[in-house]
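Right, one structure below, let's go through it.
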Amino acid sequence: MRIVVALGGNALLRRGEPMTADNQRTNVRIAAEQIAKVAPGNELVIAHGNGPQVGLLALQGAAYEKVAPYPLDVLGAETEGMIGYMIEQEMGNLLPFEVPFATILTQVEVDSKDPAFQNPTKPIGPVYSKEEAESLAKEKGWSIAPDGDKFRRVVASPRPKRIFEIRPVKWLLEKGTIVICAGGGGIPTMYDESGKKLSGVEAVIDKDLCSSLLAQELSADILIIATDVDAAYIDWGKPTQKAIAQAHPDELERLGFAAGSMGPKVMAAIEFARNTGKDAVIGSLENIVAITQGKSGTRVSTKKAGIEYR
């Protein structure tokens, strides 16, 4: 199978954990151990989040006041290289030496008129208490939003329109390469009014929506959206919560999920299943083998009507 795995940024730097290189390396190693299990005999593409990482780089850059901080598109490119390097190395330590890897810096086009630029929703960086977040927002001109019982900085998250490096990704797959690309949803770029000059933009693209577009353009057999829960749930956190085993995109779309957490994952799965007729699965990274076997996660498919719970 041709498999696209969308790996959450919080799986690489866990919520509330000190954002050190050693902690990230440890988490990448854990992720690599799971993903490596589905590599033999399959074509594999790994996309990943970068919210904690790009937020940390922004904070580090702001601390050096002799030059203006680098914009988010540049920080996004930096995190693609950093995380891709770690994934390549840790996967390479597990798989045969002959297996080639490549990390592709991935530019993604967005629309300058996207309403997301007027409504920042994408959380980046570490979590803060309400008081800390409000103080930083006032000091730095940030937008902030609740994230569980904490707060985080939020930035614009426009929808991905086009992945510029899709052709080299295909070429590498055809040569048996494991490809890491579209990190953090890709590097956000847009054309000027002439439609000829491309430049970066201050935003972060949702990695799940970009992974869905990536999987569609690669004609992937399955999209796996790996997260820290074993399925998508209704009534999450309530006594009535139930895990969704399988759902038709139309049924899933009617339920409604939180924009800051499961919402983009569900929408990404819906778009892939609806546009390709193939399956997308939301589930836990540790269950990735069972996911490929149809035994775990929330499977979003047009092949069967209705919705099933477990």
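Residue 302 in UniProt numbering is what sits at position 302 of the sequence shown, and the numbering runs on without skipping anything.
C-beta atoms are modelled at their ideal positions from N, C-alpha and C, and glycine is treated no differently.
Note that this is a predicted model, so its numbers are computed, not measured.
Taking the alpha carbon of proline 146 as the point to measure from, which residue in Asn27, Phe101, Ser129 and Gln89 has its own alpha carbon closest?
When only C-alpha atoms are compared, the closest one is Ser129.
Quick one: is arginine 310 buried, meaning 16 or more other Cβ sit within 10 Å of its Cβ, or exposed?
That one is exposed.
Mind checking which residues open and close the beta strand (DSSP E) that includes tyrosine 191?
From DSSP, the beta strand (DSSP E) with tyrosine 191 extends over 187-191.
Tell me, please, which residues DSSP counts as bridged to glycine 283.
Answer is Ala226, bridged to glycine 283.
On the criterion of 16 or more Cβ atoms from any shown chain inside 10 Å, does glutamate 78 qualify as buried, or is it exposed?
Label assigned to glutamate 78: buried.
Compute the beta-carbon to beta-carbon distance between aspartate 230 and glycine 297, rounded to the nearest angstrom, for a pair I have assumed lies under 8 Å.
Going by Cβ atoms, the distance from aspartate 230 to glycine 297 rounds to 7 Å, so yes, they are a contact pair.
Any contact of the stretch 181-189 with the stretch 199-215, i.e. 3+ C-beta pairs under 8 Å?
Yes, the stretch 181-189 is in contact with the stretch 199-215.
Taking the alpha helix (DSSP H) that alanine 215 belongs to, which residues open and close that run?
207-217 is the span of the alpha helix (DSSP H), which, as asked, contains alanine 215.
From glutamine 53 to alanine 182, what does the alpha carbon distance come to, in whole angstroms?
Cα to Cα, glutamine 53 sits roughly 15 Å from alanine 182.
Suppose the cutoff is 6 Å on Cβ atoms and the five residues either side in sequence are ignored; what does the same chain contact list for glutamate 308 look like?
Closer than 6 Å at Cβ, skipping near neighbours: Ala245 and Gln246.
In three-state DSSP terms, what is glycine 81?
Helix at glycine 81.
Hey, could you find the ends of the alpha helix (DSSP H) residue 332 is sitting in?
What is shown of the chain runs 1 to 310, which leaves residue 332 out entirely.
Can you tell which of Leu56, Arg2, Ile46 and Arg162 has its C-alpha closest to the C-alpha of glycine 16?
With distances taken between Cα atoms, glycine 16 lies closest to Leu56.
Using only alpha-carbon positions, find the residue among Gly237, Lys303 and Leu13 that is nearest to arginine 25.
Comparing Cα-Cα distances from arginine 25 to each of Gly237, Lys303 and Leu13, the minimum goes to Leu13.
When the distance is taken between beta carbons, is alanine 32 closer than 8 Å to isoleucine 87?
In this structure, alanine 32 lies closer than 8 Å to isoleucine 87 by Cβ.
Check whether the Cβ atoms of lysine 207 and alanine 102 lie closer than 8 Å to each other.
Their beta carbons are not under 8 Å apart, which means lysine 207 does not touch alanine 102 by this criterion.
Spatial neighbours of valine 28 within its chain, please: CB distance less than 7 Å, with the 5 preceding and 5 following residues excluded, ordered by chain position.
If we look at valine 28 and ignore the five residues flanking it on each side, its Cβ neighbours are Leu12, Met86, Ile87 and Glu90.
Find out if the Cβ-Cβ distance for the pair proline 249, valine 300 is shorter than 8 Å.
Closer than 8 Å, so yes.
What is the DSSP secondary structure of residue 349, counted as helix, strand or coil?
This structure leaves residue 349 out entirely; the chain is present only between 1 and 310.
Given that a residue counts as buried once 16 or more other Cβ atoms are within 10 Å of its Cβ, and exposed if not, what is asparagine 287?
When all chains shown are included, asparagine 287 counts as buried.
Which residue comes first and which comes last in the beta strand (DSSP E) that contains valine 5?
Counting along the chain, the beta strand (DSSP E) containing valine 5 begins and ends at 2-7.
How long is the line joining the alpha carbons of methionine 19 and glycine 49, rounded to whole angstroms?
The alpha-carbon atoms of methionine 19 and glycine 49 are separated by roughly 15 Å.
Hey, glycine 125 and arginine 152: beta-carbon distance below 8 Å or not?
Yes, they are a contact pair.
Pull up the distance between the alpha-carbon of threonine 106 and that of proline 239, whole angstroms please.
Those two C-alpha atoms are separated by around 42 Å.
Quick check on the DSSP output: the beta strand (DSSP E) that includes alanine 243 runs from which residue to which?
Element bounds for alanine 243: 242-247.
Sort out for me which residues DSSP pairs glycine 148 with in a bridge.
Looking at the DSSP assignment, glycine 148 forms no beta bridge with any residue, so it has no partner.
Does valine 266 pass the burial test, meaning 16 or more other C-beta atoms within 10 Å, or should it be called exposed?
Label assigned to valine 266: buried.
Write down the C-beta distance between valine 154 and lysine 122 rounded to the nearest angstrom, noting that I regard them as a contact closer than 8 Å.
The pair is a contact, with the Cβ atoms about 6 Å apart (cut-off 8 Å).
Find out if the Cβ-Cβ distance for the pair proline 158, isoleucine 225 is shorter than 8 Å.
Contact: no.
Taking Cβ to Cβ, would you say phenylalanine 272 is nearer than 8 Å to leucine 223?
Against a cut-off of 8 Å, the Cβ pair of leucine 223 and phenylalanine 272 comes out as a contact.
Using the Cα positions of aspartate 228 and tryptophan 171, report the straight-line distance between them to the nearest angstrom.
Going by the C-alpha atoms only, they are around 32 Å apart.
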